[in-house]
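Sequences listed follow chains A and B, in order. Each residue of the first sequence is one higher than the one before, counting from 34 in the numbering used here. Each residue of the second sequence is one higher than the one before, counting from 34 in the numbering used here. Notes follow the structure.
Protein chains: 2
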Amino acid sequence: MPDGERQPAVRGSYAKGVARRQEILDRAIEVFARRGSDRTSLRAIAEEVGVTHAALTHYFGSLEELLVEVYRESERRGGDGVPVPLDVTPTELVRRWSDANHEVQGLVQLYSTLVASALEEGHPAARRFATERFARVRSEIAERVRHNQSAGRIRADVDPVAVAALVVAASDGLQTQWLLDADAPQDAALSLLDQLLSNPAAGRPSA
Amino acid sequence: MPDGERQPAVRGSYAKGVARRQEILDRAIEVFARRGSDRTSLRAIAEEVGVTHAALTHYFGSLEELLVEVYRESERRGGDGVPVPLDVTPTELVRRWSDANHEVQGLVQLYSTLVASALEEGHPAARRFATERFARVRSEIAERVRHNQSAGRIRADVDPVAVAALVVAASDGLQTQWLLDADAPQDAALSLLDQLLSNPAAGRPSA
DNA sequence: GTCTATACGTCGATAGAC
DNA sequence: GTCTATCGACGTATAGAC
């Protein structure tokens, strides 16, 4: 390539750019934590962040991509990282996520909105986010189910993949019910799932 | 459920009005059944129905109330009346709803959208719809859990209310996962829930 | 490369004409 | 009872200032 070299990928001096992007993302998360997922228009977020709405599209491409990034970053901070040992029960894992979500106002609303968008056509960012998240979470849980089965804590006659799908579904659905009605038996239902999955041959948790 | 707020006008002879309203609702459901929940703007629906968008707000007050009515009416038709006997297992009940929903394009998307809206503030119609629906569905399932416990088909050491919340959550969550990924183990997870709930003292279904 | 200013088309909602 | 007209807000796209 003698002349006219074009290299759209890695270039110098965009360090400031990513830093600014991260700064905007931090502020946006703050806004969500404080006010929930209402008033989540580009213009409203931009006003609180202190830029124009066009600056947001410059960094994130679209509102939907911004929302996905906000959720991803919040989830990352909540401790959903990787320090969870393999021997925790799947419902305990889910319970940790649930607690982390409830600490940040509007995070569950945001998740619900993203998943709903993912089900419709024409929302590729939300679709990709939801698909990847479900696959990853199911995989993480299935792994722990197998581990707990080997340790004799979970009954051996159940399919780890099916259990994982069930646990994820229960977690999402129960959080929704709990948000709509704080009296909904969320904890009781999760404990119930624990009880149902526990190995009856082993020492029971309540004995 | 006492219906005390369904007057489109205070003046006389609104019989024709409700008839027209029903007619519009029928056409709107047809549109959803054919095209899913995309293009669900007031103007798009109005165009297909053959009126202007102002006429829709005249009859339904807002887009959200129209969407709620569309879902309610579709649900009413899919499960015509309430002829489901008390002795069906809760997961079988859920399976019937799931099958009915899959017959109508876009009904699950619409449900997901309404629930997501219900979680945010400033959406009273969706909030009321979701709250009432969850309460009703949990109650219907809990009733059947008790019946099946008496019959010895469901293990007696579980709380019917917690089971109901768990089953509803699992149903909603699994439908979402299935819509995003047809390979998600939806049927396997529901069968698993059946297995977990079955009374181990009774004759097992697979023995 | 960052960001503002501005404009376009569509949206839900409403007011008033007929 | 239904339409036309209009409003403010929305997401997106682009031109150009810095």
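Even glycine gets a Cβ: it sits at the ideal position worked out from N, Cα and C. All of these numbers come straight from a predicted model, not from anything done at the bench.
Candidates the options: closest to residue i by CA position
i      : options                           : result
N134/A : L152/A, T146/A and E108/A         : E108/A
V53/B  : D71/B, R76/B, P118/B and F93/B    : One point to set straight first is that residue 53/B is Arg, not Val, in the sequence displayed. Considering only alpha carbons, the answer is F93/B.
A235/B : D192/B, V200/B, R188/B and T85/B  : R188/B
R125/B : N232/B, I57/B and R177/B          : Checking the sequence, you will find Glu at residue 125/B rather than Arg. Answer by Cα proximity: R177/B.
E97/A  : W211/A, W130/A, E173/A and S70/A  : S70/A
V201/B : L143/B, L75/B, V191/B and S172/B  : S172/B
L58/A  : A88/A, E102/A and T73/A           : E102/A
Q142/B : Q208/B, G155/B, G111/B and H156/B : Q208/B
R128/B : A222/B, Q138/B and P233/B         : A222/B
R76/A  : A198/A, V51/A and S95/A           : S95/A
L140/A : G50/A, A61/A and V51/A            : A61/A
V194/B : W211/A, P218/A and E80/A          : P218/A
R169/B : A198/B, S74/B and T73/B           : A198/B
L213/A : P157/B, E63/B and P233/B          : P157/B
R56/A  : A79/A, R68/A, R72/A and S224/A    : Inspection of the sequence shows that residue 56/A is occupied by Glu rather than by Arg. Here the closest residue by C-alpha is A79/A.
E136/B : E106/B, G50/B and A66/B           : A66/B
E81/B  : T90/B, E63/B, A87/B and G111/B    : E63/B
D132/A : S204/A, D216/A, V51/A and A87/A   : S204/A
Any chain B beta carbon closer than 7 Å to residue i
i      : result
D59/A  : no
F162/A : no
D216/A : no
V191/A : yes
L229/A : yes
Chain A within 7 Å of residue i, Cβ atoms only
i      : result
G206/B : yes
F167/B : yes
A195/B : yes
V51/B  : no
Where residue i falls: helix, strand or coil (DSSP)
i      : result
S70/A  : coil
S95/A  : coil
A240/A : Residue placement at A240/A is flagged as unreliable, the pLDDT there being 43, under the threshold of 50; the coordinate-derived value follows with that caveat. The answer is coil: DSSP assigns A240/A none of H, G, I, E or B.
P35/A  : Residue confidence for P35/A is low, a pLDDT of 41 falling below 50, so the modelled location carries little weight and cannot support an answer.
A42/B  : Residue confidence is low: A42/B scores 44 on pLDDT, short of 50, so the model does not pin down where it sits. No coordinate-derived value is stated.
N181/B : helix
A235/B : coil
Where residue i meets chain B, residues with beta-carbon distance less than 9 Å
i     : result
L17/A : Outside the shown range of chain A, which is 34 to 240, sits residue 17/A, and nothing can be said about it.
S70/A : L152 and E153
Neighbour list for residue i in chain A, Cβ cutoff strictly below 7 Å
i      : result
Q142/B : L152 and E153
Where residue i meets chain B, residues with beta-carbon distance less than 8 Å
i      : result
L225/A : V191, D192, A195, V196 and L199
P221/A : The sequence given here has Ala at residue 221/A, not Pro. Neighbours of A221/A on chain B, chain order: D192, V194, A195 and A198.
Chain-ordered chain A contacts of residue i [CB-CB under 9 Å]
i      : result
V148/B : S145, A149, T209 and L213
Under 8 Å from the C-beta of residue i: neighbouring residues of chain A
i      : result
A203/B : L199, A202, A203 and G206
Do the stretch 184-203 of chain B and the stretch 118-137 of chain B meet, that is, are 3 or more Cβ pairs less than 8 Å apart?
Here the stretch 184-203 of chain B makes contact with the stretch 118-137 of chain B; the two share three or more CB pairs at distances below 8 Å.
Can at least three beta-carbon pairs, one atom from the stretch 153-169 of chain A and one from the stretch 215-229 of chain A, be found at a separation below 8 Å?
Because the criterion of three Cβ pairs below 8 Å is not met, the stretch 153-169 of chain A and the stretch 215-229 of chain A do not touch.
Say whether the stretch 143-155 of chain A touches the stretch 144-156 of chain B, bearing in mind that this needs 3 or more beta-carbon pairs closer than 8 Å, one atom from each stretch.
Yes, the stretch 143-155 of chain A touches the stretch 144-156 of chain B.
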